[in-house]
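Participant: In this note's numbering, the protein residues as written are 167 to 436.
#1: Give the list of continuous beta strand (DSSP E) stretches no shorter than 3 residues that lie fully inside the region 284 to 309.
#2: Based on DSSP bridge pairs, tell me the residues matched to residue 385.
#3: Run the CB neighbour count on residue 405, radius 10 Å, all protein chains shown included, and call it buried at 16 or more, exposed below.
#4: Please state whether DSSP places residue 365 in a helix, a strand or coil.
#5: Count the other CB atoms, across all protein chains shown, that sit within 10 Å of the CB of residue 384; report buried if there are 16 or more and exposed otherwise.
#6: Is residue 361 closer than 8 Å to residue 231 when the C-beta atoms are compared?
#7: How far does the beta strand (DSSP E) with residue 253 in it reach, from first residue to last?
#8: Curious, which full-length beta strand (DSSP E) runs of at least 3 residues does the region 318 to 354 contain?
#9: Mind checking whether residue 255 and residue 233 have CB atoms under 8 Å apart?
#10: So what's residue 358 in DSSP terms, helix, strand or just coil?
#11: Could you give the distance in angstroms between the alpha-carbon of residue 391 and the alpha-carbon of residue 295?
#12: Buried or exposed for residue 310, going by 16 or more other Cβ atoms inside 10 Å?
#13: Just to confirm my understanding: we take residue 250, look at its own chain, exclude 5 residues before and 5 after, and list those with CB closer than 6 Å. What are they?
#14: Use the C-beta contact count for residue 258: other C-beta atoms within 10 angstroms, 16 or more gives buried, fewer gives exposed.
#15: Using C-beta distances below 7 Å, list every residue in its chain close to residue 350, excluding the 5 sequence neighbours before and after it, in chain order.
#16: Does DSSP put residue 238 in a helix, a strand or coil?
#17: With a threshold of 16 other CB atoms inside 10 Å of the CB of residue 372, please say whether the residue is buried or exposed.
#18: Applying the 10 Å Cβ sphere with the 16-neighbour rule, what's the burial state of residue 414?
#19: What is the DSSP secondary structure of residue 378, reduced to helix, strand or coil?
#20: Are the CB atoms of residue 331 and residue 346 within a distance shorter than 8 Å?
#21: Under 8 Å between the Cβ atoms of residue 343 and residue 280?
#22: Can the beta-carbon of residue 365 be found closer than 8 Å to that of residue 283?
#23: With a Cβ-Cβ cutoff of 8 Å, do residue 443 and residue 401 count as a contact?
#24: Just the C-alpha distance for residue 235 and residue 287, rounded to the nearest angstrom, thanks.
#25: Relative to the C-alpha of residue 278, which candidate in 184, 369, 318 and 355 has its C-alpha closest?
#26: Excluding the 5 residues preceding and the 5 following residue 262 in the sequence, name in chain order all residues of the same chain whose CB lies nearer than 8 Å to its CB.
#27: Rounding to the nearest angstrom, what Cα-Cα distance links residue 338 and residue 325 in this structure?
#28: Kindly indicate which residue of 289, 398 and 340 has the alpha-carbon position closest to the one of residue 381.
This is the structure we're talking about:
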């Protein structure tokens, strides 16, 4: 593996560009708002210096596996503070079984979260109207040649999910066949169940003593609801959300912030 100095062709841009400038503008806004200050009078987040000094261990509330879609990952949906979650993001939020001969490299994040950080909640939360899933369903339906190695493997997985979705949709809808949009939605749901099941299997096998809870959610991007999987295989909105209450804080500067106390969530009527 050569260094940049020994391989000039691999040098990277130091010039401004539209995408990079957008991120730097957001970063500047955080600097000006004092996000990185240690200010006990603010209620906008945890003490940043504390997180730097103490790390994430014992602080992270949940590991969150989601899609890399900028519209629907944990940031815009939940507005978490620094230190709240350990984020894993991949296209479609899909994770093959841990024992797969070629598992996703995202599993190292799950390993780290369970084995080092000590998270007690594993939340799998893809989203509806997923462009990645829609594109793969189209590629499978039209029997197209995938544009890359990894997409070829993903097409094989999504082909399996489509077959499962067709079967489960008929079982849940008195034998009716799904239309194109219904098939996509059910394929997204099957993908959520598939990955959450793989995470659950990993936790049960390698960390049974840690009592880690696994959740299977789906973010309804158009309706704004968080849907949770039921025993029937259907997804229903989570209702009776926890009430925000003051936090005792990890350090003195973190006290008084509103935190969500652990609470059992409930489903609305399907």
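Beta carbons: idealized from backbone N, C-alpha and C, even for Gly.
Facilitator: To lay it out plainly:
#1: For the region 284 to 309, whole beta strand (DSSP E) runs of length 3 or above, ordered along the chain, are 287 to 291.
#2: Here residue 385 corresponds to residue number 219 of the chain shown, with the count starting at 1. The partner list for residue 385 (beta bridge, DSSP) reads 293 and 392.
#3: For this step, residue 405 is matched to residue 239 along the chain shown. Result: exposed.
#4: Within the chain shown, numbered from 1, the residue matching residue 365 stands at position 199. Residue 365 falls in the helix class under three-state DSSP.
#5: One-based indexing of the chain shown puts residue 384 at position 218. Buried is the call here.
#6: Translated into positions along the chain shown, residue 231 becomes position 65. Translated into positions along the chain shown, residue 361 becomes position 195. Against a cut-off of 8 Å, the Cβ pair of residue 361 and residue 231 comes out as a contact.
#7: The sequence position of residue 253 within the chain shown is 87, counting from 1. Unbroken beta strand (DSSP E) run through residue 253: 251 to 256.
#8: The region 318 to 354 contains no whole beta strand (DSSP E) run of 3 or more residues.
#9: As a first step, residue 255 must be located in the chain shown, where it is residue number 89. As a first step, residue 233 must be located in the chain shown, where it is residue number 67. Yes.
#10: On the chain shown, residue 358 is found 192 positions in, with the first residue counted as 1. Reduced to three states, the DSSP call for residue 358 is helix.
#11: Position 225 of the chain shown, counting from 1, holds the residue named residue 391. Position 129 of the chain shown, counting from 1, holds the residue named residue 295. A straight-line Cα-Cα distance of about 13 Å links residue 391 and residue 295.
#12: Counting from one through the chain shown, the residue named residue 310 turns up at place 144. Residue 310 is exposed by the Cβ-count criterion.
#13: The residue you call residue 250 lines up with position 84 of the chain shown. For residue 250, the CB contacts under 6 Å within the same chain, skipping 5 residues up- and downstream, are 227 in chain order.
#14: Within the chain shown, the letter at position 92 stands for residue 258. With 16 or more other Cβ atoms within 10 Å, it is buried.
#15: Here the question's residue 350 lines up with position 184 in the chain shown. 299, 300 and 303.
#16: Numbered from its first residue, the chain shown carries residue 238 at position 72. Residue state, collapsed to three classes: coil.
#17: Here the question's residue 372 lines up with position 206 in the chain shown. By the neighbour-count rule (16 or more Cβ atoms within 10 Å), residue 372 is not buried but exposed.
#18: The count along the chain shown starts at 1 and reaches residue 414 at position 248. In this prediction, residue 414 has a pLDDT of 49, which is less than 50 and means its spatial position is unreliable; nothing more can be read from the coordinates.
#19: Along the chain shown, read from residue 1 onward, the residue named residue 378 stands at position 212. In this structure, residue 378 counts as coil in the three-state DSSP scheme.
#20: Walking along the chain shown from the start, residue 346 turns up at place 180. Walking along the chain shown from the start, residue 331 turns up at place 165. No. Outside cutoff.
#21: The count along the chain shown starts at 1 and reaches residue 343 at position 177. The count along the chain shown starts at 1 and reaches residue 280 at position 114. Against a cut-off of 8 Å, the Cβ pair of residue 280 and residue 343 comes out as no contact.
#22: The residue you call residue 365 lines up with position 199 of the chain shown. The residue you call residue 283 lines up with position 117 of the chain shown. In this structure, residue 283 does not lie closer than 8 Å to residue 365 by Cβ.
#23: No answer is possible for residue 443: the residues shown for the chain start at 167 and end at 436.
#24: In the chain shown, counting from the first residue as 1, residue 235 sits at position 69. In the chain shown, counting from the first residue as 1, residue 287 sits at position 121. If I take the Cα positions, the gap works out to 22 Å.
#25: The residue given as residue 278 occupies position 112 in the chain shown. Closest option to residue 278, Cα to Cα, is 369.
#26: Within the chain shown, numbered from 1, the residue matching residue 262 stands at position 96. These residues qualify, in order along the chain: 268, 269, 270, 323 and 364.
#27: Numbered from its first residue, the chain shown carries residue 338 at position 172. Numbered from its first residue, the chain shown carries residue 325 at position 159. Spanning the two alpha carbons is a distance of roughly 20 Å.
#28: Against the chain shown, residue 381 aligns to sequence position 215. Minimum Cα distance to residue 381 is reached at 289.
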